[in-house]
Amino acid sequence: MNPAINLQDFEKESAQFDSLMPCKVKEILLVSSLYDMHNLREDGQLASTVLSEYAELRLSGAPKIKRVDTGQDALEALKHSKFGLIIVFRSLSDIDPVAFCKQARLISPGIPVVLLAFHYKELEAIRDQGGDKAFDETFFWNGESKILLAIIKYVEDKLNVEADTELIGVRVIILVENSVRFYSAFLPLIYTEILRQTSDVMLESINSANRLLRMRARPKILLAENYEEALALFKKYKRYLLGVISDIQFSRGGQNDESAGIRLVAAIRREASDLPVLLQSSDDGMAVRAEAHNASFLNKRSPRLLNKLSNFIKENFGFGDFIFRLPDGTELVRAGSFRELEKCVAQVDIRSLLFHAEKNHFSIWLMARTEFDLAARLRARRVSEFDDPEKVRAYLIKTLKDFRHERQRGKVTDFDKSKYDGQAEFIRIGEGSLGGKGRGLAFASNLINRYPVYSAFSGTSISVPPSAVIGTGAFDLFMEENQLTEFALGDHSDEEIVAAFASATMPRKLVEDLSAYLAVATYPLAVRSSSLLEDSHYQPFAGIFETHFLPNNHASLQARVERLTAAIKLVYASVYCRNSRHYIEATGNRTEEEKMAVVLQKIVGRERDGYFYPMISGTARSYNFYSVGRIKPEEGIAYTALGLGKTIMEGENCLFFSPANSQVLPQFSTPQDYLRNTQREFFAVDMHQPSIFPEQGGEKGLIKLKISTAEKHGVLKFVGSTYSADNDRIYPGIGRKGTRLITFDPILKSRIFPLDEILQYLLELGSSAMNVPVEMEFAVEINPGPEKAHEFWFLQIRPMMVEPSVEDISIYDGENHQILCKSDQALSNGRIDDVRDIVFVRNDNFDRANMVHMADHIGRFNQSFCDEKKPYMLVGPGRWGTADRWLGIATKWDQISSARVIVEAAYGDFVVEPSFGTHFFQNLITFQIGYLTINTSNEYNFFDWDWLNSIEPVAETEYVRHVRLERPLNILIDGRCGKAVVFKPNGADQD
Amino acid sequence: MNQYLDSVLATVRAKNRGEDEFLQAVEEVLGSLAPVLENHPEYIEAKIVDRIVEPERMVVFRVPWIDDGGNIQVNRGFRVEFNSAIGPYKGGLRFHPSVNQGILKFLGFEQVFKNSLTTLPMGGGKGGSDFDPKGKSDLEVMRFCQSFMTELSRHIGPNTDVPAGDIGVGGREIGYLFGQYKRVRNAFEGVLTGKALNWGGSLIRPEATGYGTVYFAKEMLQTSGRSIDGLKVSVSGSGNVAQYAVQKVIEMGGKVLSLSDSSGFIVDEEGISAEKLEYVFELKNERRGRIKEYAEKYPSAEYYEGTGVWNVPVDIALPCATENELNGDDADTLLKNGCFCVAEGANMPSTPNAVDKFLAAKIHYGPGKAANAGGVAVSGLEMSQNSMRLSWTREEVDERLHNIMIAIHETCRQTAATYGEPENYVLGANIGGFLKIADSMLDQGVV
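These protein sequence lines are chains A and B, in that order. So in my numbering, spot 830 of the first sequence is number 2218, and the numbers just go up one at a time. So in my numbering, spot 183 of the second sequence is number 189, and the numbers just go up one at a time.
Given below as structure tokens:
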């Protein structure tokens, strides 16, 4: 099964909101005299006025303003710059505004041009000349700077309403008013009210980015100046209307109609009986007629106009609290948030519930919060569909709850201690970056939720465990408040650093947040580093920084907080420990640049008899530079273990296989391979010790258990096999007597769980999304009964480091005197240029019969390199580590462990067989050792024995020689094609 | 070596160029036959040695099979039927990329004498293929085995040639091979050994080598009026061979003081009791832990890193770990500490230097090819049970194994005595195995 990768699907929701209001006014060309502009703002700083209006309403993207004096200057400016709006004053000195408007549109076709008059007579004059039609709109400056905001928003709404309603169902409010003076006063009022109320409800958004996006989905306001325009707008946007605010007296059929508004509402009522309509008039007598059409009424001259308008908007357009009332209007209770709405829906009088449901009040309220999907979902259901009123309640409860959870899925929710209830899957505590790991986790969470991944495999749920990330802001504050930076960067031992951090104080706000978090998060936690520079490292989970496992089950919340903060401090301290500092600096960064976020991740698994662990944990890579046999590099590789993934990270025995070819296990061939090289113990969190305090090293809280324990817990049957000594055979499962082995046969061979398919799917998904090979961490719980799905937990994803600097090795296909050796069976990837020493089994006196003696000789050389911490290249015949004296050299790993590159060369007629026997191979991968097999029966392969033998040895024994070069070898390994070339030091071919 | 043997060797070298392992093995065997030929000129007349170094038959065949990807693969199969003078050919099948005719001839040649020493009616042979089971799925291994056996079945049978397992051929492969044989030949017969218990395998197989080593040691001791009872024993290794050797020593009243693994060794002055041995079984076979945990469990024991197990003063040493684990210095130490019996459970655990020292000291020294023949013996017992269509109990198999080891010992002892070196069981083993075959070949005419 391959995921159909489509970035548009991935970004669907955010893309929708992002696509709203594509036409924004970014720069305004204001054509006015200085005096006119001064009148707009007394101190002359118009741009700041606009900016502060935006800020007050928590809007973003305030436009810039360019002012010019004359029409000609404006036309000239238009030729050189792009503007979103032209505001022109009546009093242009050099050109008639109408003529200017026409000329401006020749230069910038379609540009909105608005006329702003300071005096009513100016408007009359233009109207008399019919010039007002030239402009998109005319406005009257009434002394309120908010007019500019209204003009900008009005223009943007006009430009965007059609696309926005079609894209996402953005709501529309129609204002019908033909008085320039009045709508110039009224529009700002309406906009301010709409924007403020939208902004207020947007505070419930899960994070600030989300809030800003959703502001774009606020209701749009369209202005109609006569009956025909109004009706046309109604018909066009009927589906999206929030309401109509209309004057009563305006033009209809080219004539002034004193009841045009009444007729309008009557026409509206024929098609939308419950659409909120507010009629305005300075004649109180119109109130009765309005009421007859079920419309609200507002006296234009009322001193409380704004207040009444605000109330109307709040009550009828879904802003403000949801007020539960009985059909007779009696107020019962109010809900100011989703959570409160959910609670009220569960408890309120059924009569009230049905009343509001029938009138679509819930969907209206949701629309105000730009939750159009959910609003539409509710609106589509009728109370009459339910045979029992309580079923209406049950439906609403479930829908709202599912919605709230769904909304948070895949998103980073800003933590709010007053509201946190554990529903959000991924939360950010505090400010600052999420760090490398945090970003990967957020991405994984998003990926899982954007694609139909959750249920892509029948009977298995794929999810990300609940996680919280403490942003790097907390780290900064911690370091600052405790004045630790200078100390930490100084020359101190790791113990001193850890002690200083442990005794430092956590920022108070962070402690409060963590208390609120832990009050809800009562499960075992992994406290993981997430450093800022981590992405640039691209190391395969090398464990530079620490992870701490907390049982988090102390009876006292305070105690749990103390342990969590202790773990966080240890993670912070680990930035400055020697190992980390060397590593950071080795990657070309500076320790002081490093900042640390901390990931708090729910440990996946189950508590079994006081031990908490997942059934299976693992890592997987979509590209494998250590591919052997028929496994191709691009088929990827997965490593799995029983229990916590620490087994794999520590390089202990685990299983590896290619998800594309899981029937082939290169590690194992004979039962002895299984007995020697399968996992024997596993890690779990010890829940019997709630009082344990985390310590440096990350080992506290963990326990190593035997396989027999897993068998007692009923876990082994899903991952184990049995060895029968009598039959010398391995049988999948544990249904017979014999030695238990962790082989994953029930999964890979008997296929009780599609692990390989899921891994293939997710690796494909991840690498398509990131455009590079990826590596991921995962955990699995298999639930045998039909009532609960199996669980696949996606823990982490990050791009793999693929060394870009390796040249195209194929250009060295021919012979070359500068080459020591070439191989087309090479493992690893990258360039190695620090090896000057070569230890090799001599080929001048090689005799297979003597291989049995060579291991000790090699081991002695290796030890000296180990002591000097120097790398070397080892050359010998295969197989390393074999027990069969005729098949190779019986070395143990610690006899060759300091080799940076191992070359298996041909010695006479001795057939070279690559040493892929397990622990040896596992060590190759863990220590990233280059491995070349030179098979001279293949043309590409080559080894220059003559040159090597010509070098004066530093030391030698009967069978083994050590030479040291003046300059290092240049070793290139291209893991993608499995080829490698080892160059002699520069100029050495001249030696 | 005498002139005749030199000329035979020269001919073998000329005819088998490049087969170094085979040539080395031939040279070793021929090197010990000079005194035999002096006593048996009829062997020269009948060109026994000329014939014995030439396999009776070698079959090379094509083994095509289809991998999981639907691709056709081709390997080469071999069966070297070396000598059937005393019984049907008997020897393992090896699946490994290094397999070639030369290696199989070497292994088959050695097998001839090893099998003969067991006193069971088993000839010698070896076979295999350059197929590499590593990195293959179960189904691929099965398909290969089926193709391999389809051809091999023409040449083997319970009274002709009875292969067994070897490197790359374990219980799984034997199962697949047997299944195909049965199908192709329409016969359920004892054509392979190493079968599972449910369909003709023998009990005691895992224990056989360990038990056999101790039985051999017991026989050696008996010749000097001793028994294992009350004696101190050092055992190296902690795998199957070592574990069951310890078990048998305990049964016989001996006191085992040590065990080892690749990391180090333990010394338990109290002796390893049956209960402690149970712990070792669980430690090594279930948990696959390290031997040092024994010392953590039992305070009477000390653990030591690295080598040195032969420094423990004992009466009997049973090297059961690996090749070349006991060198000349170790031999000196053992001898200095009063060790008077060494029986090898592993293959060639003593270096040639150590062997020379044991022989020079005239202690009881049982070389591996005799002392560890228990495994091969049980193979023969499996054949016997199959012929009778019976499955013996553990006790019955054990008793017969014991009797075989007695017979092996007797062969070694008598032969060594006949050739003037009554304590030299190396000589006794080499010659003893040869004599039985040579006499049989003499009886059977020029075939």
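The beta carbon of each residue, even a glycine, is placed where N, CA and C say it ideally should be.
Counting other Cβ atoms within 10 Å of its Cβ, Ile78/B stays below 16 and is therefore classed as exposed. Under the DSSP assignment, Asp338/B falls in the alpha helix (DSSP H) whose first and last residues are 334 to 342.
From the beta-carbon of Asp26/B, the residues of chain A found nearer than 7 Å are Arg2236. Taking a contact to require three or more Cβ pairs closer than 8 Å, the stretch 2088 to 2099 of chain A and the stretch 205 to 213 of chain B do not qualify as touching.
Glu179/B carries a helical assignment under DSSP once its states are collapsed to helix, strand and coil. Arg1627/A sits in a helix when the DSSP states are folded into three classes. One Cα belongs to Arg1651/A, the other to Val1568/A, and the distance between them is close to 22 Å. Chain A places no beta carbon closer than 8 Å to that of Leu29/B, leaving this residue out of the contacts. Under a 10 Å Cβ-count criterion, Lys1534/A is classified as buried, with 16 or more other Cβ atoms of the shown protein chains found around its own Cβ. Flagged as an interface residue toward chain B: Ser2096/A, by a C-beta distance shorter than 8 Å. Shortest Cα-Cα distance from Ala327/B to any of Thr219/B, Ser446/B, Asp73/B, Phe115/B involves Thr219/B. Look at Gly2123/A: its C-beta is not under 8 Å from any C-beta on chain B. The DSSP assignment places complete alpha helix (DSSP H) segments of no fewer than 4 residues inside the stretch 353 to 383 of chain B at 358 to 367, 374 to 377, in order along the chain. Chain A places no beta carbon closer than 8 Å to that of Lys111/B, leaving this residue out of the contacts. Across the structure, Ala1914/A and Gln1989/A are spaced so that their CA atoms are roughly 5 Å apart. Counting only residues of its own chain and dropping the five nearest sequence neighbours on each side, Val175/B has a CB closer than 7 Å to the CB of Gly98, Leu99, Arg100, Phe101.
In the DSSP annotation of this structure, the continuous segment of the alpha helix (DSSP H) that includes His1744/A starts and ends at 1738 to 1746. The DSSP assignment places 211 to 228, 246 to 257 as complete runs of the alpha helix (DSSP H) inside the stretch 189 to 271 of chain B, in order along the chain (cut-off: 4 residues). Non-local beta-carbon contacts of Asp1672/A in its own chain, meaning distances under 7 Å to residues more than five positions away in sequence, involve Asn1687 in chain order. Taking C-alpha positions only, Pro2341/A is separated from Val361/B by approximately 35 Å.
Contact with chain B is found for Gln2051/A, since one of that chain's Cβ atoms lies less than 8 Å from the residue's Cβ. Using a CB distance cut-off of 8 Å, Leu2320/A does not count as an interface residue toward chain B. Secondary structure of Met1984/A (DSSP, three-state): strand. Of the other Cβ atoms in all chains shown, fewer than 16 fall within 10 Å of the Cβ of Asn2374/A; this residue is therefore exposed. A straight line joining the alpha-carbon of Glu1646/A with that of Phe1638/A spans about 7 Å.
With its beta carbon at least 8 Å from every one in chain A, Leu396/B lies outside the interface. Under the 8 Å Cβ criterion, the stretch 2284 to 2295 of chain A counts as touching the stretch 2227 to 2247 of chain A, having at least three qualifying pairs. The continuous beta strand (DSSP E) containing Asp2074/A extends over residues 2069 to 2074.
Spatial neighbours of Glu1995/A in its own chain (CB-CB distance under 7 Å, excluding positions within 5 residues in sequence) are listed in chain order as Met2075. For Gly174/B, the nearest CB of chain A lies under 8 Å from its own CB, placing it at the interface with that chain. Under DSSP, Met389/B takes part in no beta bridge, so it has no partner.
When DSSP assignments are scanned along the stretch 397 to 426 of chain B, no uninterrupted stretch of beta strand (DSSP E) that is 3 or more residues long falls wholly within it. Apart from the 5 residues on each side of it in sequence, Ala1955/A sits with its Cβ closer than 7 Å to the Cβ of Val1915, His1936, Leu1938, Pro2082 in its chain, given in chain order.
Taking 8 Å as the cut-off, the beta carbon of Val255/B is found no closer than this to the beta carbon of Ala248/B. In this structure, the alpha-carbon of Asp445/B lies about 13 Å from that of Val453/B. Membership of Trp2281/A in any alpha helix (DSSP H) is not indicated, and neither H nor E is assigned to it by DSSP.
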